[in-house]
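Protein chains in written order, with the numbering used here: chain Z, 313 to 519; chain C, 313 to 519.
By construction, the Cβ of each residue, glycine as well, lies at the ideal position given by its N, Cα and C atoms.
Values in this document were obtained by computation on a predicted structure and should not be read as measured data.
Take a look at the structure set out below.
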DNA sequence: ACAGTTCTGTACTGAGTTGTCAACTACGGT
DNA sequence: ACCGTAGTTGACAACTCAGTACAGAACTGT
């Protein structure tokens, strides 16, 4: 009975996320968002309640994509667990993977974890953002830990190792590559680091 | 023959650094800087040429402190190298160490690497900042790598391992803890992760 | 066709921002 | 004691920003 929305919500939030990624939260004005998304200021306020609202909705969408993709990419039978983890780690080094078909971003700095970047910039004064970033991390940590436990069951990882600790460590490495990638280090170097980290995972003791 | 400066340059830059750390670059106005440093707007422009100038000078000072402390804390005889690295790693997890006597910052988020934080926020559009952050990283990387080579000479680290790669990896872990620390994770958890990372360093093969 | 309801974009307001400038202040040499 | 030089200050003008309000456009159900 009323005029339907002329834009696609997810498409708009995705464009906003890209903008926030490249210019930061405080570095993007509502006009920037309007230009990046292609819809007017009024629509932005009506649909998302202003700049902060856009950010929260964009982060929520990011979380949803993360929570859908990561477990799907890491879960599976015990036999291939370590290989799945290996593949995931190598992909993550070129940017947090969110879908199967998406190629690595051309600009490494723009591929860093969206939630982490926002938390670094405004997390100190914005508990909502901090919380959201923590949730993103938790989803990944449980998925990686589960994958590690599968690898342990399959005899590929030392069964005495704490899977949760190792998962944390691997994710911290990924977050670290986000930061170092923003400096302008070459993807090849980052990939080499990821391989080193993977190689250091504790294997079972053979007798 | 002229009026001497009434403020201490380094003191002002240190206060500015604190301000930039807590509110970010774009989140800090020149008035904020003026309030934090205690000197007027005009003096800031006269001495440092505006907000961006203040940032660059503050980062230069940060780099200098880093370049002085890290090698001093990590260099030394081969025997204690691994232990020095261990101590440095554990301290770094509570914030990048810059001096011997400074206690860990009360707020973990405010203790993260200054250069890394600025590079994350405005690095995409500011090559100067990116360069400075890269320099900070390089100084640390060479110091850690040198320490690792000393540990290798002493038989504490696998001599076949690539010291440069390991140093990169360790620093990436530290940068990762900066990010995760900003989420609000407990220092105890971060310390535990650092211990895990240290424990995974490749030891020499015993026969 | 029409009416009602929702969407869209532009114009406006008040607050906040940056960078500059001229007046003022303090100090050292003479 | 004075005077020139350099440091300091607060105020100012131009601009940008977030958020709001209003008028027009678009679509659906009758």
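Residue closest to residue i, alpha-carbon to alpha-carbon, out of the options
i	options	result
residue 382 of chain Z	Z:482, Z:456, Z:321	Z:456
residue 477 of chain C	Z:361, Z:324, Z:504	Z:504
residue 375 of chain Z	Z:442, Z:400, Z:396	Z:442
residue 452 of chain Z	Z:404, Z:395, Z:341	Z:404
residue 410 of chain Z	Z:467, Z:433, Z:517, Z:326	Z:326
residue 450 of chain Z	Z:419, Z:429, Z:483	Z:483
residue 318 of chain C	C:378, C:433, C:359	C:359
residue 461 of chain Z	Z:401, Z:388, Z:512, Z:487	Z:388
residue 448 of chain Z	Z:338, Z:499, Z:431, Z:345	Z:431
residue 493 of chain Z	Z:407, Z:468, Z:444, Z:463	Z:407
residue 346 of chain Z	Z:362, Z:393, Z:338, Z:399	Z:362
residue 481 of chain C	Z:496, Z:434, Z:508	Z:508
residue 366 of chain Z	Z:321, Z:390, Z:377	Z:321
residue 467 of chain C	C:342, C:351, C:515, C:402	C:515
residue 512 of chain Z	Z:372, Z:340, Z:394	Z:394
residue 399 of chain C	C:391, C:390, C:386	C:386
residue 334 of chain C	Z:372, Z:384, Z:437	Z:437
residue 426 of chain C	C:498, C:486, C:341	C:486
residue 420 of chain Z	Z:340, Z:497, Z:337	Z:497
residue 371 of chain Z	Z:341, Z:350, Z:332	Z:332
residue 391 of chain Z	Z:463, Z:500, Z:471, Z:470	Z:463
residue 339 of chain C	Z:465, Z:435, Z:379, Z:417	Z:435
residue 401 of chain Z	Z:518, Z:517, Z:490	Z:490
residue 518 of chain C	C:495, C:350, C:502, C:471	C:471
residue 458 of chain C	C:475, C:446, C:444, C:445	C:475
residue 422 of chain Z	Z:330, Z:323, Z:324	Z:330
Neighbouring residues, chain C, relative to residue i (Cβ below 7 Å)
i	result
residue 477 of chain Z	504, 505, 508
residue 338 of chain Z	336, 338, 339
residue 423 of chain Z	Ordered by position in chain C, no residue passes the 7 Å Cβ test against residue 423 of chain Z, which lies about 11 Å from the chain.
residue 496 of chain Z	442, 446
Under 7 Å from the C-beta of residue i: neighbouring residues of chain Z
i	result
residue 499 of chain C	Under the 7 Å cutoff, chain Z gives no residues; its nearest Cβ is about 14 Å from residue 499 of chain C.
residue 449 of chain C	492, 495
8 Å Cβ cut-off: residues of chain C touching residue i
i	result
residue 514 of chain Z	512
Under 9 Å from the C-beta of residue i: neighbouring residues of chain Z
i	result
residue 488 of chain C	481, 483, 484, 485, 486, 487, 488, 489, 490, 491
Amino acids of chain Z, ordered along the chain, whose beta-carbon sits closer than 8 Å to that of residue i
i	result
residue 429 of chain C	432
Heavy atom of the ligand FAD within 8 Å of residue i beta-carbon
i	result
residue 396 of chain C	The ligand FAD is not among the ligands present in this structure, which contains no ligands whatsoever.
For this session: Counting only runs of 4+ residues fully inside the region 340-370 of chain Z, write out the alpha helix (DSSP H) ranges in chain order.
Result: Runs of alpha helix (DSSP H) with 4 or more residues, each lying fully within the region 340-370 of chain Z, are found at 342-349, 353-360, listed in chain order.
Exercise. What residues from the region 433-445 of chain Z come within 9 Å of chain C, judged by C-beta to C-beta, listed N to C?
Worked result: Listed in sequence order: 433, 434, 435, 436, 437, 439, 442, 443, 445.
Exercise. Along the chain, which unbroken stretches of the alpha helix (DSSP H) at least 4 residues long are found entirely within the region 417-469 of chain C?
Worked result: Given a length threshold of 4 residues, each whole run of the alpha helix (DSSP H) inside the region 417-469 of chain C is given here in chain order: 426-434, 439-465.
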